[in-house]
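**Q** Quick note on UniProt numbering: the sequence shown kicks off at 1 and runs consecutively.
Note that CB positions come from ideal geometry on N, CA and C, so glycine has one too.
Quick caveat: nothing in here was measured; it's all calculated off a predicted structure.
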Amino acid sequence: MGNASSKSPFAHSALAVSTNVAELDGDVEARAMQLYQTKKYQQAAEAFTEAIDKYSDALHPHLLAALLTNRAACNKRCGKLKSAMDDCQHAITANPSCLRAFATLHEIRRALGLPTTDEYISEAWGAAGLYSDLELLDTLIDGGDESTRAVGVAAAPPVATQVPASAPAPAASTQPAPAPKPTGRAAQLQNVGKTTPSTPSAPSSWPASNRAAQMAGVKGRQTASAAPRSSPPAPKPAAAPTQNRQVAKAAAAPAMTMMEAEQIVSKSIMQINMRQLSEAQRELSRVIASHPNHIGALIARGTSHAIEGNYEIAHMDLTRAEEVEPNLVEVKKRRAQVRSGMGQKYIDGALEDFQFVCDKEPTAEAFRELGVFAGSVKLYKRAEKALKKAMKLGYNDAKAHSQLGVVVCSQGNIKEACEHYNKALELNPGDTTAMLQIAQANKEGANFDMHAEAEKWFKKIIASGSATSIAYKLYGQMMQGCGKHEYGSELLNKGLTYAESASSKPEDVAQMLEMRYWHAVCLHAIGRHREAIASYEEAMDWSRDGMNENGGPFGNLRNKSYYGREVALLTAHRWNAKWDEFCLDREVSEMFKEGFCKTLPKEFVIVQSGHVAQRPIPAGLEKSRAPFDQGGAESLMNAGMHFGRRVHLKCQGFLPNQRQWKMSCYANLELAQAVRSCVEAKRSGEPHPRVLGRGATSHGKAGEDHDFGWRDALDILVKWRQLSEPNDPVVWVDLLPRPLFEQGYGSHTPMSTGDTKVSRYFMACAESAKVMREVLLDSHTYHDGSSNRFSMSAKQIEAVRKAHPATPQNLWDAMNVTSLGLQAFYIVVPLKSHTRDGHTMEGTRLVLNMLTNDEQDGGKCAPQLEFSIRTPCMPQRAEDYDVEFANLWNLMIAAAARDELDEAADLALRMAYYWYNWLFISRGNAIVGLSVMLGFLCGLGLPVSGFVPEHTQPDWYAMWSYDGDAYIKRVAPFILAKHATREGFAKDRNAAIARAKKVFAWIDHLPRVADVLPTVGSRIEAMNLPWPDNPQDPPELEKLF
């Protein structure tokens, strides 16, 4: 501990002496000081806050005061002057002799045109009898901005001086000891504030401090208001013979006339336009000190602070101006612009100000600003309305159409958005931004030929020579989404080359990070693991060099890269492993899978489970790869083309993913062969095929060898899905950590969020709202966000009955749960069990909730209503479905063995129905459910003849149906061939069975997928084979249709 000066507890320099590690966390302080010295003021403030939070209750007041002063210096540099003032005042309360706090407070108040610190010195130091350091304080104040430097934490003097045992105890006194009589400048300062009236204090409507707290327990993030400081002594008519420097100048200078003030304001405005901001602020503060209500000076000074990014202080000036002139449009306009940059808290205020301007001066520019801001906070309908009004008033150039296209596209109206982008290109043919926007819109639409249109525009941008890193990134991502991973990696590599040539631009640095990650993803999928791992690690390094390491988009990419690298290393080492012995769910730990699903920092996995990183790839590992039977794989893919052609959903948002198609060729063929084997085993009375436990997910965590069952059938599909897109965390939920499973971790799929129509799933919104209304009226119950069950009131029932049409907003208004203090409610669609009479199962949850600030885009958007589905996979629910699946599987195999194929087909479709409602893997449930129907039916000799219709997603049909009958009624027309229906069997049963036997013969004639593709690596290489330009069903099946 350093020795305190007898004169002052702090060293008299810009930096106070550093702390003793025994009393404070030296690492925290050192990090904070280093951040300050490298001008990372916001991060330094956060570090000082960490120290205050951790040690404030245990620190000596002098140490606490120094920490608060340090944070004040950081906040002043960040433009958070109000917070800095609060910290200084708290520091002075903790330690009235903290010179640096007085000096920093003096500078801030002087910059704001507020009374300076002398009155506080007179009050605080006079009470404490500390007059000896006033000349030193004067020196510090002379230093100007020097007072804003960070100060180290000073060594605290002893809390009390110990009296020697031999000394007599002093007699108690009822009168306070007289304070030492001040001399010199201290005597002068006793009268400061008593001779000259001070500038009026800030209006009571100014934003309250978010750091004010009583110093008995200061916390860095407390929000309680501080007790008001006592008022300065009342002014007296007679001035002291001498004053401090500023007061003396003010007394000597003649009063500023209004004409002089106007001249200074005019000059200051010129200085602001020339970006001479400090000079302008200094002069404007003089005007405001003399004329506190000078509207021009307040607006100009507020504008100058806004230009510097000091939004808090700019807002204070403009709010003060608004109080002087409440209806002045210029004030409202500038304050709206300032508020638009101040985050969630000021969204409503900014919208109110922008709307005021539009109402008073309805110009194109006013509506444009309102529209752009409303779009930035995701109020897309309001943004669209304002921008269209701006167009009618003359704002009709290329930029206008681009902006309107963005807000329209954000609502999911992609066709209309493309019309605006095309109009922008008509007005400005060389507009690369508009080209990129129309390419991106078509990429997001994805349906039908939209991806081809997007590719056309991406190629046009590249051919024009104006391609940017974002163009290569988006094009590469689209190719990855189309299953063309190798081409995607080439595009992303070109984008990296471009970005590295322009790496000084922050936006290019951000693109480099994303592109490195997606470049790794593409290489990973196609088995180029060594290169993929290098790209993952480069992405991890870029994340550390980027912004927030463990949060936000940069941190998420870092975390994703870690999990991708680990899975790539595992797959590289297990390339030659036998497929029936490989199971990703068992190869990695539960904690790793939880982190993978939640994109948690790698430290979570390492600390929680002791996960050991995968071994690096040794040199020459690729040379040891087992040979690949390309001819056999091509033969299987051609045979499985029947399945691959039928898994693509012709709906908005679904890119034509060729890798998923190829995966379906092999996976569904393997599933059909497995079902066929089980049926024949049952028919002949032999046991089902045996499954190696270590390569399967059934039978819990033990992984014992067992007879082939329903879960092994689905494992075939799940394992292929894991391998096809290894960057997706596809895992069985019951093999996650037990606490997570018990908490109900599961699927969450939004259909709409406020004005945003989710591209893939908004088509389900209207029907889902109808189902929610039906369930509410049938059950008269609902649940809150904590799964507490409520009975509906008569008023709610009547309001829901009158809710026509049944839209999310109408249902939310009818239920009016906010009056009960709730922010969300949901209903559970009841499902009838097929195998247990009278038993009801829990289906999908339809959820309406008001998003909190934390759930939105970093708190930067207005409150939104989200309509979504959730399917929590809790143990009790899992056990219920497990029983149903086991029953259905056994019934299906038995029916097929008896040649009751119509009954078996019905049971196969019911298994898909329950799977869609269970959603028991973390990703990929939809394609697995569709494959259940395709593979099972083919294995039963009843291959699907049709295709899923346009604008149809079978999984939603299942979630809207109360029982399997309703679901089958919807999907049978395009899933079952006419001869495979119950009607077809009833019409000519022998003919239907004869057709099935031809399918059995075809399956039996094919080589087994497990024999042609026996290893992990062989299956990756099989999916790397090219997709044919004109795929066709195998002739043997085509003849049957």
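(1) Is residue 639 near residue 675, with beta carbons less than 8 Å apart?
(2) Can you tell me the Cβ-Cβ gap for residue 992 and residue 979, rounded? I've got them flagged as a contact below 8 Å.
(3) Within a Cβ cutoff of 7 Å, which residues of the same chain sit near residue 934, ignoring the five residues on either side of it in sequence?
(4) List the whole-angstrom C-beta distance separating residue 759 from residue 652, where the pair is believed to meet the contact cut-off of C-beta under 8 Å.
(5) For residue 304, which three-state DSSP category applies?
(6) Can you name the start and end residues of the beta strand (DSSP E) that residue 1018 belongs to?
(7) Are residue 489 and residue 519 close, meaning C-beta to C-beta below 8 Å?
(8) For residue 796 and residue 865, which I take to be in contact (beta-carbon distance under 8 Å), what is that distance rounded to the nearest angstrom?
(9) Nearest-angstrom Cα distance between residue 322 and residue 312?
(10) Is the CB-CB distance between residue 928 and residue 721 below 8 Å?
(11) Is the Cβ-Cβ distance between residue 917 and residue 959 less than 8 Å?
(12) What are the complete beta strand (DSSP E) segments, minimum 3 residues, inside the segment 715-802?
(13) Start and end of the beta strand (DSSP E) containing residue 1112?
(14) By how many angstroms is the C-alpha of residue 742 removed from the C-alpha of residue 1025?
(15) Alpha carbon to alpha carbon, what distance is there between residue 439 and residue 110?
(16) On the criterion of 16 or more Cβ atoms from any shown chain inside 10 Å, does residue 838 qualify as buried, or is it exposed?
(17) Would you call the segment 65-79 and the segment 294-304 touching, i.e. three or more CB-CB distances under 8 Å?
(18) Take residue 896 and list the residues in its own chain whose beta-carbon comes closer than 6 Å to its own, dropping the five residues that flank it on each side.
(19) State yes or no: is the C-beta of residue 952 nearer than 7 Å to some heavy atom of the ligand FMN?
(20) Taking buried to mean at least 16 other C-beta atoms within 10 Å of its own C-beta, is residue 804 buried or exposed?
(21) Any idea which residues DSSP pairs residue 974 with across the strands?
(22) Could you give the residue range of the beta strand (DSSP E) that holds residue 840?
(23) What is the rounded straight-line gap between the Cα of residue 341 and the Cα of residue 90?
(24) In the DSSP assignment, the alpha helix (DSSP H) including residue 69 goes from what residue to what residue?
(25) Fully enclosed by the segment 84-108, which alpha helix (DSSP H) runs are 4 residues long or longer?
(26) Drop a sphere of 10 angstroms on the beta-carbon of residue 594, count the other beta-carbons inside from all chains shown, and report buried for 16 or more, exposed for fewer.
(27) For the beta strand (DSSP E) containing residue 497, name the first residue and the last one.
(28) Please report how far the alpha carbon of residue 844 lies from the alpha carbon of residue 717, in whole angstroms.
(29) When the Cβ atoms of the segment 721-734 are set against those of the segment 659-666, are three or more pairs found closer than 8 Å?
(30) Does the Cβ-Cβ distance between residue 606 and residue 569 come in under 8 Å?
(31) Just to confirm my understanding: we take residue 744, look at its own chain, exclude 5 residues before and 5 after, and list those with CB closer than 6 Å. What are they?
(32) Does the pairing of the segment 810-818 with the segment 882-902 give three or more beta-carbon distances under 8 Å?
(33) So does the segment 625-634 actually touch the segment 1016-1024, counting three or more Cβ pairs closer than 8 Å?
(34) Does residue 361 pass the burial test, meaning 16 or more other C-beta atoms within 10 Å, or should it be called exposed?
(35) What does a CB cutoff of less than 6 Å around residue 81 pick up in its chain, not counting 5 residues either side in sequence?
(36) What residues are listed by DSSP as bridge partners for residue 444?
**A** Concretely, from the data shown:
(1) no
(2) Taking C-beta atoms under 8 Å as the contact rule, residue 992 and residue 979 qualify, at a distance of about 5 Å.
(3) 643, 646, 668 and 944
(4) 6 Å
(5) helix
(6) Segment 1016-1023 is the alpha helix (DSSP H) holding residue 1018; no beta strand (DSSP E) there.
(7) yes
(8) In fact, because the Cβ distance is near 17 Å, the residues do not count as touching under 8 Å.
(9) 15 Å
(10) yes
(11) yes
(12) 746-753, 781-784 and 789-791
(13) Examination of residue 1112 is not possible in this model, given that the chain is present from 1 through 1041 alone.
(14) Take the alpha-carbon of residue 1025 and the one of residue 742: they are about 42 Å apart.
(15) A direct Cα-to-Cα measurement between residue 110 and residue 439 gives close to 53 Å.
(16) exposed
(17) no
(18) 679, 904 and 940
(19) Within the structure as shown, the ligand FMN is missing, as the structure has no ligands at all.
(20) exposed
(21) Its beta-bridge partners do not exist; DSSP assigns none.
(22) 840-850
(23) 28 Å
(24) 61-77
(25) none
(26) Classification of residue 594: buried, given that the 10 Å Cβ count is 16 or more.
(27) From DSSP, residue 497 is part of no beta strand (DSSP E) but of the alpha helix (DSSP H) over 485-501.
(28) Cα to Cα, residue 844 sits roughly 22 Å from residue 717.
(29) yes
(30) No, the Cβ-Cβ distance between residue 606 and residue 569 is not below 8 Å.
(31) Within the same chain, 872 and 874 come within 6 Å of residue 744 by CB-CB distance, once the 5 residues on both sides are set aside.
(32) no
(33) yes
(34) Looking at its Cβ environment, which holds fewer than 16 other Cβ atoms inside 10 Å, residue 361 is exposed.
(35) 108 and 313
(36) Answer is none; residue 444 lacks a bridge partner.
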